[in-house]
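Trainee: Before anything else, here's the structure in question.
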Amino acid sequence: MPDNPAQPDGEHTEMTFAASKPNTTVEIPVVPPDRSGTEGGGRRRSLRRGGLVAAAALGLLALVYGTDLGLSQGEVPRGVTVAGVPVGGLERIAAEQRLREEIEPRLTQPVPVRAGTVQTTLDPAAAGLALDWPATLDRAGEQPLNPWTRLASLFTSREVGVATTADRERLVGALEALRLQTDRPPAEGTIRFEGTTAVPVDPVPGQNLDVAGATEAMLAGWASRAVTLPVRVIPVSTTPEGIRTALTEVVEPAVSGPVTITGDGANAMLEPEVIAAGLRFA
Numbered sequence: 513m514p515d516n517p518a519q520p521d522g523e524h525t526e527m528t529f530a531a532s533k534p535n536t537t538v539e540i541p542v543v544p545p546d547r548s549g550t551e552g553g554g555r556r557r558s559l560r561r562g563g564l565v566a567a568a569a570l571g572l573l574a575l576v577y578g579t580d581l582g583l584s585q586g587e588v589p590r591g592v593t594v595a596g597v598p599v600g601g602l603e604r605i606a607a608e609q610r611l612r613e614e615i616e617p618r619l620t621q622p623v624p625v626r627a628g629t630v631q632t633t634l635d636p637a638a639a640g641l642a643l644d645w646p647a648t649l650d651r652a653g654e655q656p657l658n659p660w661t662r663l664a665s666l667f668t669s670r671e672v673g674v675a676t677t678a679d680r681e682r683l684v685g686a687l688e689a690l691r692l693q694t695d696r697p698p699a700e701g702t703i704r705f706e707g708t709t710a711v712p713v714d715p716v717p718g719q720n721l722d723v724a725g726a727t728e729a730m731l732a733g734w735a736s737r738a739v740t741l742p743v744r745v746i747p748v749s750t751t752p753e754g755i756r757t758a759l760t761e762v763v764e765p766a767v768s769g770p771v772t773i774t775g776d777g778a779n780a781m782l783e784p785e786v787i788a789a790g791l792r793f794a
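First residue of the sequence shown? That's 513 in the working numbering, and the numbers climb one at a time after it.
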C-alpha cells in the first residue's frame, strides 16, 4: 500500500503517483484567485453612482436658480429696504406705492434744523424739496446674477437711501428767510443790578447763517430728518472770567455801603442804591 498522500501546506500541493518506479513526489504551486478585477469594478460603479448624484444635484440647483431668476425679473432685488421699509421682492409699481404710503407722509412734514444755538423747522415743500421714488428704486439696482448673492439675500437686508429733487433757487430763498430766526449780533458781557445786588451777564457770540453751506446740508440730509446748518460765529471781546473779576474787585466794593464825598467845605453821602444806578459798563 502506498503511503498516505501528503497534506497541503498552504503554498504547495504534493501529489504522489504509484508507478513501477520508486515513489515520486511532484509539487504543484497553488495560485490565489485574482480578485482585482472584481474590486476595480466595484470602485468604478461607486464612482459612477457618485457622479450621477452630483450631476443630479447640480442640475436641480441650476433649475432652481433659473426659475428664481426668471420669476423675479422686474422686481426690486430681495432684501432691499428704503428708510426701514422693506420693498425687496415687490414689483416696482407696488414698491413705489408702499413707499408713498409709508414714508411720504413723514417726509413731507417740517424738517427740524439746528443752526448754532437756534433750533427751528423748515417746510420742505416751501423750500422746493421733494421725493423722487423712481430714482430711489433705481438705486436698488437690477436682479443680481451671482447665485451666492441671491442666496444671501434670503437672510440679509440692504438699506437704500431716498433720492430727492430740489429747486435750488427756492431752497436758497427759504434759507435766507430763515436768517430772521438764526442770525443775531454779538452781545458783550456786562454787569447789571437788581437793587444793590450786582449780577454778572456773560458775553454771547453772534452768529450768521452760512446760506451756501446750509443749502448743501439740506440737499444732502433733509430726507433723513434733523439737519445741522453751518453758521459763521461773530466773536466778542469780553470773557466770563473778566466779567467776574470786575464784579468782585470793583463793583461789589463800590456798593458795599454808603460813600461820603467831601468838597468845598461840604460833605455828601451817596447811598449804595444811588451808586448802583450810576454805574455803567461798556
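For glycine and all other residues, C-beta sits at the position ideal for the given N, C-alpha and C.
All of these numbers come straight from a predicted model, not from anything done at the bench.
By DSSP's criteria, L643 is part of a beta bridge. Which residues make up the other side?
Mentor: T676
Trainee: Please return the same chain residues whose Cβ sits closer than 6 Å to the Cβ of E608, not counting the five positions on each side in sequence.
Mentor: W645
Trainee: Quick one: complete beta strand (DSSP E) runs, 3+ long, within the region 678 to 724?
Mentor: 702 to 706, 709 to 713 and 718 to 721
Trainee: I'd like to know whether the C-beta atoms of T750 and E671 end up nearer to each other than 8 Å.
Mentor: No, they are not a contact pair.
Trainee: Nearest CA to the CA of T677: which residue from D695, Q693, L731 and E706?
Mentor: L731
Trainee: Who are I746's beta bridge partners in DSSP?
Mentor: G718
Trainee: CA-CA distance, V684 and R604?
Mentor: Answer to the nearest angstrom: the Cα atoms are 33 Å apart.
Trainee: Between which two residues does the beta strand (DSSP E) carrying Q631 extend?
Mentor: Looking at the DSSP string, the run of the beta strand (DSSP E) that includes Q631 is V630 to L634.
Trainee: Applying the criterion that 16 or more other CB atoms from any shown protein chain within 10 Å of the CB defines a buried residue, is T760 buried or exposed?
Mentor: Only exposed fits T760, as fewer than 16 other CB atoms lie within 10 angstroms of its CB.
Trainee: To the nearest angstrom, how far is the alpha carbon of T727 from that of A686?
Mentor: 10 Å
Trainee: Report back the beta-carbon spacing between E616 and L643 to the nearest angstrom; my notes put them in contact at under 8 Å.
Mentor: 6 Å
Trainee: If you follow the beta strand (DSSP E) that T593 is in, where does it begin and where does it stop?
Mentor: Its beta strand (DSSP E) spans residues V592 to V594.
Trainee: Below 7 Å CB to CB, which residues in the same chain sit around R651 once its five sequence neighbours on both sides are set aside?
Mentor: V672, G673 and A675
Trainee: Note down, in chain order, each residue of its chain lying with its Cβ closer than 6 Å to the Cβ of A624, except the 5 sequence neighbours on either side.
Mentor: The sequence as given places Pro at residue 624; Ala does not occur at that position. So the qualifying residues of the chain are T633 and A738.
Trainee: In angstroms with no decimal places, state the Cα-to-Cα distance between E783 and V630.
Mentor: 42 Å
Trainee: Tell me which residues share the same chain as T747 and place their Cβ nearer than 6 Å to its Cβ, disregarding the 5 neighbours each side in the sequence.
Mentor: The amino acid at residue 747 is misidentified as Thr; the sequence shows Pro. These residues qualify, in order along the chain: P717.
Trainee: To the nearest angstrom, how far is it from the Cα of A638 to the Cα of V767?
Mentor: 55 Å
Trainee: So, with DSSP's three-state summary, where would you put Q585?
Mentor: With a pLDDT of only 47 at Q585, under 50, the local geometry of the prediction cannot be trusted, and no value is derived from it.
Trainee: Roughly how many angstroms separate the alpha carbons of A778 and E764, rounded to a whole number?
Mentor: 27 Å
Trainee: Considering only DSSP beta bridges, list what L782 is partnered with.
Mentor: V771
Trainee: Once you ignore the five residues that flank E613 on each side, which residues in its own chain have a CB closer than 8 Å to its CB?
Mentor: Result list for E613: empty, nothing under 8 Å.
Trainee: Could you give the C-beta distance for R744 and D722, rounded to a whole number, given that I count them as a contact under 8 Å?
Mentor: 6 Å
Trainee: Using C-beta distances below 6 Å, list every residue in its chain close to V771, excluding the 5 sequence neighbours before and after it, in chain order.
Mentor: L782
Trainee: When the Cα atoms are used, what is the spatial distance from L791 to P697?
Mentor: Cα to Cα, L791 sits roughly 24 Å from P697.
Trainee: With a threshold of 6 Å on Cβ separation, who are the neighbours of I773 within its own chain once the five nearest residues in sequence on each side are excluded?
Mentor: Result list for I773: A780, in chain order.
Trainee: What does L741 pair with, by DSSP beta-bridge criteria?
Mentor: A627
Trainee: Near T694, which residues of its chain fall below 6 Å by C-beta distance, leaving aside the five closest residues on each side in sequence?
Mentor: A627, V630 and L721
Trainee: In whole angstroms, what separates the C-alpha of T648 from that of P589?
Mentor: 13 Å
Trainee: Going by DSSP, what residue range makes up the alpha helix (DSSP H) through E753?
Mentor: P752 to A758
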